[in-house]
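Chemist: Quick note: this note's numbering has the sequence shown finishing at residue 88, numbered continuously throughout.
Note that the Cβ used here is the ideal one computed from N, Cα and C, for glycine as well.
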Amino acid sequence: MRTLRGHTGQVEAVAFSPDGTQIVSASGDKTLKVWKAATGQARHTLSSHTREVYGVAFSPDGTRIVSASKDRTLKIWDTASGQDMPTL
1 MRTLRGHTGQ
11 VEAVAFSPDG
21 TQIVSASGDK
31 TLKVWKAATG
41 QARHTLSSHT
51 REVYGVAFSP
61 DGTRIVSASK
71 DRTLKIWDTA
81 SGQDMPTL
């Protein structure tokens, strides 16, 4: 078992990509981190929420991530670039 280190707050949620190659973690530090599952290397830090992030999921095709935050928003992220898309 591998420990992924990088968040400064408590990890609230974790999800694997549908193909198992990536992991996304959501944290009380207001960020998400996308990790390479095979190596544990961080690919992206996603940060535009203004409060703790408590939920996360990949889209069925693995190209998008959706995150839920205590800032009362859902954000959609592009998995490849790490850029956020429209906020709900």
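1) By DSSP, does Met88 sit in helix, in strand, or in coil?
2) When burial is assigned at 16 or more other CB atoms within 10 Å of the CB, is Ala80 buried or exposed?
3) Assuming the contact rule is C-beta atoms closer than 8 Å, Ser27 and Gly9 should be a hit. Round their C-beta distance to whole Å, please.
4) Rounded to whole angstroms, what's the CA-CA distance from Pro60 to His44? Just pull it up for me.
5) Under the rule that 16 or more other beta-carbon atoms within 10 Å means buried, what is Leu32, buried or exposed?
Modeler: Taking the coordinates as given:
1) One-based indexing of the sequence shown puts residue 88 at position 88. The question names Met, but residue 88 in the sequence shown is Leu. It is coil, neither helix nor strand.
2) As a first step, residue 80 must be located in the sequence shown, where it is residue number 80. So Ala80 ends up on the exposed side.
3) As a first step, residue 27 is located in the sequence shown; it is residue number 27 there, counting from the start. As a first step, residue 9 is located in the sequence shown; it is residue number 9 there, counting from the start. At roughly 5 Å, the Cβ-Cβ gap stays under 8 Å, so Ser27 and Gly9 are in contact.
4) The sequence position of residue 60 within the sequence shown is 60, counting from 1. The sequence position of residue 44 within the sequence shown is 44, counting from 1. About 20 Å.
5) Translated into the one-based positions of the sequence shown, residue 32 becomes position 32. So Leu32 ends up on the buried side.
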